[in-house]
Amino acid sequence: MTLSDIEQVYAIECSCFTQPWSQESLIGEIVRNDIAHYVVADLDGRIIGYAGIWVMFDEAHMTNIAVIPEFRRQGVARNIILCMMRYASDKGASRMTLEVREFNFKAQNLYTSLDFKKVGIRRKYYSDTGENAFILWNDDINATLTSHQNGYGHADN
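Whatever position you read off the sequence shown (first residue = 1), add 2 for the working numbering.
As structure tokens, this is what we get:
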């Protein structure tokens with residue numbers, strides 16, 4: 003993801019989340035956060051999804067992921083996550099974590115299909131609803147990448 007992508011990414015944020023990250027936060031992640039890496043999924047010049055991770059030592063934390071509604075359930079998020087896993091692995095990470103809303107069952111199913119396991123709860127994590135977040139971990143992203151190698155797509159940086 004580059005600075006020229008911010009406007010489209012922010013529009014996705016606003017369409018997907020009740021409390022979107024600000025444009026300034028997204029810019030800060032790209033410009034000032036040395037452990038952050040963001041990618042976009044592009045279709046004919048239109049950004050249809052994006053995600054970000056922080057890679058620290060042997061682990062990665064997926065900070066956010068979003069796909070515009072009309073492209074959901076078509077493998078876009080799966081390919082973005084696999085792309086992020088590949089990047090994290092290339093940087094030396096062997097495991098990845100993320101938080102997901104307690105009642106976001108579709109996302110939970112996707113994460114489970116990519117070998118994430120629920121290991122904890124962050125109570126009242128989401129300030130807009132007071133909803134809990136499940137803490138998920140994939141303890142072997144390289145095994146996941148191997149088992150999904152035929153479905154691995156590419157996302158533009």
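Cβ atoms here follow ideal geometry from the backbone N, Cα and C, with glycine treated the same way. Since this is a predicted model, take the numbers as computed values, not measurements.
From the options, pick the residue whose C-alpha is nearest to that of residue i; which is it?
| i | options | result |
| --- | --- | --- |
| N144 | I137, F118, I123 and T131 | F118 |
| L86 | N111, L112 and I55 | Here residue 86 turns out to be Met, not Leu, going by the sequence shown. Minimum Cα distance to M86 is reached at I55. |
| G77 | T65, D92, Y113 and K93 | Y113 |
| L100 | G94, M64 and P71 | M64 |
| N81 | I50, D130, M58 and V57 | I50 |
| E9 | E26, F19 and T20 | E26 |
| A90 | T20, I37 and T131 | I37 |
| V163 | V41, D92 and T148 | Outside the modelled stretch of the chain, which goes from 3 to 159, sits residue 163, for which no answer is possible. |
| H150 | D92, I83 and F19 | I83 |
| E31 | T20, R103 and T4 | T4 |
For residue i, write down the residues that DSSP places opposite it in a beta bridge.
| i | result |
| --- | --- |
| K93 | Answer is none; K93 lacks a bridge partner. |
| L5 | For L5, which the question treats as bridged, DSSP gives no partner whatsoever. |
| D44 | I49 |
Using C-beta distances below 8 Å, list every residue in its chain close to residue i, excluding the 5 sequence neighbours before and after it, in chain order.
| i | result |
| --- | --- |
| R97 | D60, E61, A62, W139, N140, D141, D142 and I143 |
| F105 | E133 |
What does a CB cutoff of less than 6 Å around residue i pick up in its chain, not counting 5 residues either side in sequence?
| i | result |
| --- | --- |
| K120 | F136 and L138 |
| E15 | P22 and W23 |
| A95 | V57, D60, E61 and A62 |
| G155 | Reliability of the predicted coordinates at G155 is poor, the pLDDT of 48 falling under 50, and the value obtained from them is presented with this limitation in mind. N81. |
Report all residues from its chain with a CB closer than 7 Å to the CB of residue i; omit the five preceding and five following residues, and keep chain order.
| i | result |
| --- | --- |
| T146 | M87, L116, D117 and N140 |
Q. Does the pairing of the segment 45 to 60 with the segment 125 to 137 give three or more beta-carbon distances under 8 Å?
A. no
Q. Which full runs of the beta strand (DSSP E) of 3+ residues lie inside the segment 56 to 144, going along the chain?
A. Fully enclosed beta strand (DSSP E) runs of 3 or longer: 61 to 69, 97 to 103, 119 to 124 and 135 to 140.
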